[in-house]
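As given, the protein sequences belong to chains D and E, one line each in that order. The first sequence lines up with residues 1 to 654 when you count with UniProt numbering. The second sequence lines up with residues 1 to 248 when you count with UniProt numbering. We treat Cβ as the ideally placed atom computed from N, Cα and C, and that holds for glycine. Reading through the structure tokens given below for one structure.
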Amino acid sequence: MSDTAAASVPALFTVGTPIADTKTPSGPIEERWDARRFDARLVNPANRRALSVIVVGTGLAGGSAAATLGEAGYRVEVFCFQDSPRRAHSIAAQGGINAAKNYRNDGDSAMRLFYDTVKGGDFRARESNVYRLAQVSVDIIDQCVAQGVPFAREYGGLLDNRSFGGVQVSRTFYARGQTGQQLLLGAYQALERQVGAGTVSVHARHEMLDVIIADGRARGVVVRNLVTGEVSAHFADAVVLATGGYSNAFYLSTNAVGCNATAIWRAHRRGALFANPCFTQIHPTCIPVSGEHQSKLTLMSESLRNDGRIWVPARAGDSRLPSEIPKTERDYFLERRYPAFGNLVPRDVASRAAKNVCDRGFGVGPGGLGVYLDFADAIARLGRSVIEERYGNLFDMYQQITAEDPYRAPMRIYPAVHYTMGGLWVDYDLQSTIPGLFVIGEANFSDHGANRLGASALMQGLADGYFVLPTTLAHYLSVGPFEKLDERHPAAREALAAVQDRISRLLGIKGRRSPVFFHKQLGALLWDHCGMERTREGLLTALGAIRTLRDEFWSDVKVAGGTQELNQALERAGRVADFLELGELMCIDALHRDESCGCHFRAEHQTQDGEALRDDKDFAYVAAWERSGEAGPPILHKEKLTFKYVELKARSYT
Amino acid sequence: MNVTLRIWRQESPVQPGRMIPYQVEDISPDMSFLEVLDVLNERLTVAGEDPVAFDSDCREGICGMCGLVIDGVAHGPQALVTTCQLHMRSFADGAVIDVEPWRAGPFPIVKDLVVDRGSLDRIIEAGGYISIPTGSAPEAHSILVPKDDADAAFDAATCIGCGACVAACPNGSAALFLGAKITHLGLLPQGQPERRSRVLGMVTRHDEEGFGGCTQIGECTAVCPKGIQLDVISRYHRDMLSALLHSG
Numbered sequence: 001m002s003d004t005a006a007a008s009v010p011a012l013f014t015v016g017t018p019i020a021d022t023k024t025p026s027g028p029i030e031e032r033w034d035a036r037r038f039d040a041r042l043v044n045p046a047n048r049r050a051l052s053v054i055v056v057g058t059g060l061a062g063g064s065a066a067a068t069l070g071e072a073g074y075r076v077e078v079f080c081f082q083d084s085p086r087r088a089h090s091i092a093a094q095g096g097i098n099a100a101k102n103y104r105n106d107g108d109s110a111m112r113l114f115y116d117t118v119k120g121g122d123f124r125a126r127e128s129n130v131y132r133l134a135q136v137s138v139d140i141i142d143q144c145v146a147q148g149v150p151f152a153r154e155y156g157g158l159l160d161n162r163s164f165g166g167v168q169v170s171r172t173f174y175a176r177g178q179t180g181q182q183l184l185l186g187a188y189q190a191l192e193r194q195v196g197a198g199t200v201s202v203h204a205r206h207e208m209l210d211v212i213i214a215d216g217r218a219r220g221v222v223v224r225n226l227v228t229g230e231v232s233a234h235f236a237d238a239v240v241l242a243t244g245g246y247s248n249a250f251y252l253s254t255n256a257v258g259c260n261a262t263a264i265w266r267a268h269r270r271g272a273l274f275a276n277p278c279f280t281q282i283h284p285t286c287i288p289v290s291g292e293h294q295s296k297l298t299l300m301s302e303s304l305r306n307d308g309r310i311w312v313p314a315r316a317g318d319s320r321l322p323s324e325i326p327k328t329e330r331d332y333f334l335e336r337r338y339p340a341f342g343n344l345v346p347r348d349v350a351s352r353a354a355k356n357v358c359d360r361g362f363g364v365g366p367g368g369l370g371v372y373l374d375f376a377d378a379i380a381r382l383g384r385s386v387i388e389e390r391y392g393n394l395f396d397m398y399q400q401i402t403a404e405d406p407y408r409a410p411m412r413i414y415p416a417v418h419y420t421m422g423g424l425w426v427d428y429d430l431q432s433t434i435p436g437l438f439v440i441g442e443a444n445f446s447d448h449g450a451n452r453l454g455a456s457a458l459m460q461g462l463a464d465g466y467f468v469l470p471t472t473l474a475h476y477l478s479v480g481p482f483e484k485l486d487e488r489h490p491a492a493r494e495a496l497a498a499v500q501d502r503i504s505r506l507l508g509i510k511g512r513r514s515p516v517f518f519h520k521q522l523g524a525l526l527w528d529h530c531g532m533e534r535t536r537e538g539l540l541t542a543l544g545a546i547r548t549l550r551d552e553f554w555s556d557v558k559v560a561g562g563t564q565e566l567n568q569a570l571e572r573a574g575r576v577a578d579f580l581e582l583g584e585l586m587c588i589d590a591l592h593r594d595e596s597c598g599c600h601f602r603a604e605h606q607t608q609d610g611e612a613l614r615d616d617k618d619f620a621y622v623a624a625w626e627r628s629g630e631a632g633p634p635i636l637h638k639e640k641l642t643f644k645y646v647e648l649k650a651r652s653y654t
Numbered sequence: 001m002n003v004t005l006r007i008w009r010q011e012s013p014v015q016p017g018r019m020i021p022y023q024v025e026d027i028s029p030d031m032s033f034l035e036v037l038d039v040l041n042e043r044l045t046v047a048g049e050d051p052v053a054f055d056s057d058c059r060e061g062i063c064g065m066c067g068l069v070i071d072g073v074a075h076g077p078q079a080l081v082t083t084c085q086l087h088m089r090s091f092a093d094g095a096v097i098d099v100e101p102w103r104a105g106p107f108p109i110v111k112d113l114v115v116d117r118g119s120l121d122r123i124i125e126a127g128g129y130i131s132i133p134t135g136s137a138p139e140a141h142s143i144l145v146p147k148d149d150a151d152a153a154f155d156a157a158t159c160i161g162c163g164a165c166v167a168a169c170p171n172g173s174a175a176l177f178l179g180a181k182i183t184h185l186g187l188l189p190q191g192q193p194e195r196r197s198r199v200l201g202m203v204t205r206h207d208e209e210g211f212g213g214c215t216q217i218g219e220c221t222a223v224c225p226k227g228i229q230l231d232v233i234s235r236y237h238r239d240m241l242s243a244l245l246h247s248g
């Protein structure tokens, strides 16, 4: 780092005391989850009716957790902003879910899934958590099959598997290209069963706007009824956030348009540490942007990379149709650069490679922002019907959006923001730094390090919700129930007033520009400077611009309509206001992490071949950020990562 | 291209609604229908008018949140797509397009184009599941499912719960939605123990919610964005008959 850098960067943040996970048992890694389950206190079934839990979010993590806690006999209140819990964005996950079943007898095991995940995450995840994830992966498949999830099967009636990016075994279970939908419907049906049984109540079209912390414990939430506009407080003995990731900070992402960071950001403002906010995954196989009014990007499962070959013309600016370019004049750049893994390299590697060839002028399609994903060889080898069976719905979707037929001409793809590995910091029990506030699924930072492998998000969401949280939450609740609270408690009064005040402020500005205008500006800044490739200079530019944009937002935003009604502009404004704060922290985190690792590619730190250059001596830690008031710089707490079971070495896919 | 949208505006469930025309100019045929509504809403917001309320989330045809009746057809003129997947290339330049919410008794209007479909959740709550508490599942390969059955179950399970079938049905029946879930679970070995109680519970709730009966008209399958076929309704009727015979 240069002298000027050293002089200016510390002003952006301060370094606080280290943080450590105190819940992981010692001992061999294979025995830790068993040890934790044995040490965890239990709650007598008869006492569970007296204990209440709030779950915010109904995706794979929240839905599975709420259903399981309801089955156990706790009183569960669930909130989601959609009109039904079945619509959470997990539903859009396509490719599959990993599990170390080793049904293919290809050398898979919990240890190998653990190894692949730690390595794929570029050594920025906690070993104990990842091993547990690999261990419980097998139980998830059993559970989902028993629920009636219609996984793909072979003619003998057994479950089918396929391989996915970043690994050399076939461990991915799938339901055509709609695995997320089918898994979520399984969890949703289990949840509705508990609604029928009276253990769970669901509040759809409610958005969480604050968390209530009383006597040092998370004891409730403030929500806005999105239909009536009513703001109310709800109380419980513990609060679980399962509200997903923050990809929509980039405006254009593959996330649903409603996905937002408000719940986790509000919890962060109340004291929960936010870990690794700059770890945002860019997915390589998305449909390229077509115009300025685009509201979202569409992902196509990376399972397509199993049979599709990625290439660009070998000559920059070659404008011939793909069918007119002979094989000898094509550059299959992933197969060339990474012969061992070919088109199946991890997402960050594939995305960056695509960006590089496009930046050098080899890209195809409008603006040169695309590469070909070609199925001609696979169709010739396997026949069209096999390809249709495997990817039919994805091909249909591509044709629907682009009006091009991928059976005849190669698809054009380009990377897009897809998933956020960062999130609220949690310990081995999935508890945040606020006692009683648990965070599960994509909303936490836990298992994927600096890059998530394909088919691992569904695995983590369901592992957290079905198997991990119900054990660790019981341990926490065993000392409850806590003192009963209501709206008169000072903490509740303060939170309710803060939410009302913020809504009034947003409606009172009456400026000239819509919330979407600011969202698009923020998205462009983050994509340009905190996206696939980051530089110190670019991040400093973005930081200044984001602060200016935030000031403009709070003086010039226009929110039409009133408070006591369905007001989608108001919903959007609140979410954008939070993204404007989170975006700044993302840039500070990216700036402070003066190394390249996984998705976080700092142009200053690369090998001669353009591969990420990690700095394990200085950066083998989780960066957990504490907020220090409205104006003060955030405080960095480091959780040191140690690697005992996976050798810390440069990631190589050649 | 330019279009005129005649949109149903209704401030609240208790106030009367009406169709209001809006011109939207200079749009691209590659834009989705909902992106055109986005453009209109940006314009209305900046002008200080109340934007048009409509539901959408994933915008890739899988969450089931969006749903508009466009020129009298649920999800619009193109088969096998949701409203969010409909692109302006499906319309002529200068077209006048009517945009309305789902209209059915069990889907009360919330505002403008937004309706309440909670009745569909309550049908699932009444039996649309397999009772298998977390942790009690047997090893996955102990349950063999013939591929044909698994594929047919999957086809039925692709229902996204959007409610287009109800909006299109002259009787306001949710038979296709009901049949899809009954078929999905009824085709699998795991779903057998509760097969009769499931159909009885779900159909009873369906009727209580005010959905109409099925008279096999087929409007539902014609608008279903996932192409769910009428045979799921036959299967539900067969299961219903069997359940009634056994319940004496």
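Nearest C-alpha to Ser109/D among Val138/D, Ser84/D and Leu297/D: Val138/D. Close to chain E, meaning a Cβ-Cβ distance shorter than 7 Å, are the following residues of the stretch 78 to 98 of chain D: Gln82, Asp83, Ser84, Arg86, Arg87, His89, Ile91 and Ala92. Of the other Cβ atoms in all chains shown, 16 or more fall within 10 Å of the Cβ of Arg124/D; this residue is therefore buried. Pairing Glu209/E with Ile130/E gives a Cβ-Cβ distance that is not under 9 Å.
Closest by C-alpha distance to His519/D, out of His293/D, Leu613/D and His283/D, is His293/D.
Put simply, the CB of His293/D is near chain E, with a gap under 9 Å to one of its CB atoms. Straight-line spacing of the CA atoms in Lys640/D and Asp447/D works out to 15 Å.
For Lys327/D, there is no enclosing alpha helix (DSSP H), as DSSP gives it neither H nor E. Among the residues of the stretch 161 to 184 of chain D, those with a Cβ less than 7 Å away from any Cβ of chain E are Ala175, Arg176, Gln178, Gln181 and Gln182, in the order of the chain.
Counting only runs of 3+ residues, the beta strand (DSSP E) found wholly inside the stretch 626 to 651 of chain D occupies 635 to 640, in chain order. Listed in chain order, the positions of the stretch 121 to 132 of chain E with a beta carbon within less than 7 Å of a beta carbon of chain D are Asp121, Ile124, Glu125, Ala126, Gly128, Tyr129, Ile130, Ser131 and Ile132.
Glu77/D carries a strand assignment under DSSP once its states are collapsed to helix, strand and coil.
Against chain E, a Cβ distance below 7 Å from Thr298/D picks out Glu60. As a beta-bridge residue in DSSP terms, Phe173/D pairs with Ile97/D.
Of the other Cβ atoms in all chains shown, 16 or more fall within 10 Å of the Cβ of Gly161/E; this residue is therefore buried. Taking each of Glu565/D, Leu424/D and Glu595/D in turn and checking the Cα distance to Leu582/D, the smallest one comes out for Leu424/D.
The DSSP assignment places 179 to 197 as complete runs of the alpha helix (DSSP H) inside the stretch 166 to 237 of chain D, in order along the chain (cut-off: 4 residues).
Put simply, the CB of Phe91/E is far from chain D, with every gap to its CB atoms at 9 Å or more. Taking each of Trp527/D, His489/D, Trp554/D and Pro470/D in turn and checking the Cα distance to Ile503/D, the smallest one comes out for Trp554/D. Secondary structure at Lys510/D: coil, using DSSP grouped into helix, strand and coil.
Within the same chain, Val166, Ala167 and Gly172 come within 7 Å of Ala104/E by CB-CB distance, once the 5 residues on both sides are set aside. The DSSP-derived three-state label of Gln10/E is coil. Put simply, the CB of Gly244/D is far from chain E, with every gap to its CB atoms at 9 Å or more. Using a Cβ-Cβ cut-off of 8 Å, Arg238/E is close to nothing in chain D; its nearest Cβ partner there is about 19 Å away. Taken atom to atom, the span from the alpha-carbon of Ala263/D to that of Leu209/D is near 6 Å.
The distance from the Cβ of Asp215/D to that of Arg309/D is about 60 Å, inconsistent with a contact at the 8 Å cut-off. By DSSP's assignment, Trp311/D forms a beta bridge with Tyr372/D. Contact check for Leu453/D and Val439/D: beta-carbon distance about 21 Å, past the 8 Å limit, so the pair fails to qualify.
In this structure Lys111/E is in contact with Ala53/E, their Cβ atoms being roughly 4 Å apart against a cut-off of 8 Å.
Between Ser301/D and Thr285/D, the CB-CB gap stays under 9 Å.
Secondary structure of Thr563/D (DSSP, three-state): coil. Spatial neighbours of Val199/E in its own chain (CB-CB distance under 6 Å, excluding positions within 5 residues in sequence) are listed in chain order as Ile182, Asp239, Met240 and Ala243. Annotated three-state conformation of Val43/D is coil, per DSSP. Sequence-ordered contacts of the stretch 143 to 163 of chain E with chain D read Ile143, Leu144, Val145, Pro146, Lys147, Ala150, Ala153, Phe154, Ala157, Thr158 and Gly161 [C-beta pairs closer than 7 Å]. For the stretch 127 to 155 of chain D, the beta-carbon criterion of a distance under 9 Å to any beta-carbon of chain E is satisfied by Val138, Asp139, Ile141, Asp142, Gln143, Cys144, Val145, Ala146, Gln147, Gly148, Val149, Pro150, Phe151, Ala152, Arg153, Glu154 and Tyr155.
The beta carbon of Thr204/E sits closer than 8 Å to those of Ala126, all from its chain and outside the five residues before and after it, given in chain order.
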